[in-house]
Amino acid sequence: MKIIEFKAENVKRLKAVEITPDGTLQVIGGRNAQGKSSVLDAIWLALGGAKATKDTSRPIRDGEESAWVTVDMGRIVVTRTWDDKGNKVQVKGADGAIHAAPQRLLDRLLGHLSFDPVAFTRLSAKEQREALLDLVELDVDLDELDSDRARLYDERTEAGRRDKDLGDITVDHSLPAEQQSPRDLISEIRHAEDHNREVLNARGQSAQLTERIATLEAELAEAKAALAAAKQTASRELVDTSELEQQLATVEETNAAIRANEEAKARKAQRAELKTERDKRTREITAIDTAKAKALRTAKFPVPGLGFDAHGVTYNERPFSQASSAEQIRVSVGMGMAMNPDLRVMFIRDGSLLDDEAMVALREQIEEHDFQLWIERVGNADETAVIIEDGQVQA
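Each number in my numbering corresponds to the 1-based position in the sequence shown with 23 added.
Right, dumping it as structure tokens:
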């Protein structure tokens with residue numbers, strides 16, 4: 024459907040306007056602040072309902088109490104009125120029947136009528152990306168994926184930094200697992216010394232008693248008992264304390280080596296944990312990249328070759344901003360047509376930036392796809408333009 028007739032009264036800057044537009048490209052011309060924009064605004068207000076009125080706090084012309092606009096699209100005629108009680112919309116079919124749920128019908132029909140191809144080309148790369156994301160149907164939230172990927176990338180980087188801080192690690196497996204206690208070694212030495220003194224004393228006592236046996240027969244029984252005990256003690260081997268004394272001399276050095284070795288083991292275990300963490304983050308990042316790539320492969324873009332990356336919109340895998348001005352406009356118009364398959368109407372609100380060559384190319388593109396384009400341009404140089412002056416069509 025296209026617009027075949029437009030009428031409005033007291034909408035924004037308009038007083039009373041009636042336009043039978045060109046079926047392909049209709050220019051709305053005139054000086055600034057005369058009501059050119061109000062023509063396009065009135066069409067959008069008539070059809071867009073809440074989506075349109077939320078951006079227009081005062082649709083009624085200053086000094087007036089009511090306003091109305093009618094948009095005839097052949098199969099249906101839409102009329103919206105405003106007064107101090109609000110606004111009402113009526114949709115009448117070609118057979119004269121009144122639709123019971125007019126705005127619901129318009130919402131299904133509307134697509135993205137407010138999309139302005141030229142305005143799109145002047146957005147920043149980030150704004151173009153956001154606008155395209157609003158229009159494309161994706162199975163995933165790319166902003167959420169990008170946020171998760173950035174977080175995981177930072178976590179992986181932090182794990183790598185901590186791993187680097189650990190430095191070179193050497194573990195000596197020949198050292199015992201636990202540190203030795205100087206107190207325990209001293210205790211063992213004291214015990215060995217007591218033992219040795221006891222043995223040596225017993226041996227001396229045994230020699231003395233043996234010598235006295237000949238002359239101390241009277242004390243023989245007692246001496247024999249003592250002798251037996253002394254011999255039993257004397258039979259034990261002496262304990263060599265030299266190794267223990269050597270250990271005592273080097274115990275601090277050994278313990279320092281053991282502590283360093285345990286720290287090395289701990290850092291080695293930490294390094295293994297960090298590697299596991301980095302590998303996990305790498306797998307998660309790969310999964311996000313895969314999901315994002317899949318989403319982009321299966322996304323339904325309005326124009327072949329159109330896409331986006333983390334920085335903005337792309338066309339044929341290159342930044343959209345690197346395309347020529349004519350190519351950008353052609354692609355943007357193609358987007359607008361793809362987004363309005365039923366109501367085959369588009370707006371360009373600042374057409375003064377388009378030169379004659381661009382206007383010719385636009386008309387050819389619009390004619391080829393059987394669309395209707397309404398363009399607002401400053402001045403009256405366009406031969407087929409409807410000129411608005413002081414809210415009315417100039418005679």
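Just so you know, even glycine gets a beta-carbon here, dropped at the ideal spot from N, CA and C.
For residue i, the three-state DSSP class (helix, strand or coil)
{"i": "residue 335", "result": "coil"}
{"i": "residue 439", "result": "Here the chain covers residues 24 to 418 and nothing more, so residue 439 does not appear."}
{"i": "residue 343", "result": "helix"}
{"i": "residue 188", "result": "helix"}
{"i": "residue 116", "result": "strand"}
{"i": "residue 59", "result": "helix"}
{"i": "residue 53", "result": "strand"}
{"i": "residue 290", "result": "helix"}
{"i": "residue 130", "result": "helix"}
{"i": "residue 328", "result": "coil"}
{"i": "residue 250", "result": "helix"}
{"i": "residue 32", "result": "strand"}
{"i": "residue 418", "result": "coil"}
{"i": "residue 183", "result": "helix"}
{"i": "residue 109", "result": "strand"}
{"i": "residue 399", "result": "strand"}
{"i": "residue 304", "result": "helix"}
{"i": "residue 103", "result": "strand"}
{"i": "residue 41", "result": "strand"}
{"i": "residue 236", "result": "helix"}
{"i": "residue 261", "result": "coil"}
{"i": "residue 281", "result": "helix"}
{"i": "residue 66", "result": "helix"}
{"i": "residue 87", "result": "coil"}
{"i": "residue 409", "result": "strand"}
{"i": "residue 379", "result": "helix"}
{"i": "residue 93", "result": "strand"}
{"i": "residue 366", "result": "coil"}
{"i": "residue 48", "result": "strand"}
Contacting residues, own chain, Cβ-Cβ under 8 Å from residue i (five flanking each side not counted)
{"i": "residue 121", "result": "113, 114 and 115"}
{"i": "residue 280", "result": "195 and 198"}
{"i": "residue 311", "result": "168, 171, 172 and 175"}
{"i": "residue 97", "result": "24, 25, 27 and 117"}
{"i": "residue 249", "result": "228 and 232"}
{"i": "residue 87", "result": "33"}
Within 7 Å, strictly: CB atoms of residue i and residue j
{"i": "residue 22", "j": "residue 375", "result": "As displayed, the chain neither begins before 24 nor continues past 418, which places residue 22 out of reach and without an answer."}
{"i": "residue 57", "j": "residue 412", "result": "yes"}
{"i": "residue 267", "j": "residue 211", "result": "yes"}
{"i": "residue 304", "j": "residue 181", "result": "no"}
{"i": "residue 77", "j": "residue 61", "result": "no"}
{"i": "residue 25", "j": "residue 367", "result": "yes"}
{"i": "residue 4", "j": "residue 333", "result": "Only positions 24 to 418 of the chain appear in this structure, which leaves residue 4 out of reach."}
{"i": "residue 175", "j": "residue 308", "result": "yes"}
{"i": "residue 29", "j": "residue 359", "result": "no"}
{"i": "residue 278", "j": "residue 231", "result": "no"}
{"i": "residue 141", "j": "residue 371", "result": "yes"}
{"i": "residue 146", "j": "residue 396", "result": "no"}
{"i": "residue 154", "j": "residue 92", "result": "no"}
{"i": "residue 130", "j": "residue 297", "result": "no"}
Cut-off 6 Å between Cβ atoms - residues of its own chain near residue i, not counting five sequence neighbours on either side
{"i": "residue 400", "result": "50, 52, 374 and 375"}
{"i": "residue 410", "result": "52, 53, 403 and 417"}
{"i": "residue 95", "result": "27 and 28"}
Whole-number beta carbon distance between residue j and residue i, since they are thought to touch under 8 Å
{"i": "residue 38", "j": "residue 357", "result": "Contact flag wrong, Cβ pair sits at about 36 Å."}
{"i": "residue 290", "j": "residue 189", "result": "5 Å"}
{"i": "residue 316", "j": "residue 349", "result": "About 31 Å; that fails the 8 Å criterion."}
{"i": "residue 99", "j": "residue 33", "result": "Contact doesn't hold; Cβ gap of about 23 Å is too wide."}
{"i": "residue 43", "j": "residue 64", "result": "Contact flag wrong, Cβ pair sits at about 19 Å."}
{"i": "residue 394", "j": "residue 362", "result": "Not a contact, Cβ separation roughly 11 Å."}
Neighbour flag for residue i against chain C, beta carbons, 7 Å
{"i": "residue 317", "result": "Judged by its chain identifiers, the structure shown contains no chain C, having just a single protein chain."}
Own chain partners of residue i with C-beta closer than 7 Å, once the 5 adjacent residues on each side are dropped
{"i": "residue 152", "result": "331, 335 and 336"}
{"i": "residue 254", "result": "229"}
{"i": "residue 343", "result": "151, 335, 336, 337 and 351"}
{"i": "residue 193", "result": "287"}
{"i": "residue 126", "result": "72 and 112"}
{"i": "residue 314", "result": "163 and 168"}
{"i": "residue 133", "result": "70, 71 and 366"}
{"i": "residue 226", "result": "257"}
{"i": "residue 149", "result": "335"}
{"i": "residue 45", "result": "407"}
{"i": "residue 128", "result": "114 and 122"}
With three or more C-beta pairs closer than 8 Å as the rule, is the segment 197-217 touching the segment 273-291?
yes
Does the segment 212-224 come close enough to the segment 257-267 to have 3 or more Cβ pairs within less than 8 Å?
Taking 8 Å as the limit for Cβ pairs, the verdict is that the segment 257-267 does touch the segment 212-224.
Is it true that the segment 318-327 meets the segment 154-165, where meeting means three or more beta-carbon pairs spaced less than 8 Å apart?
yes
Kindly confirm or deny that the segment 98-108 and the segment 66-82 touch, where touching means at least three C-beta pairs closer than 8 Å.
yes
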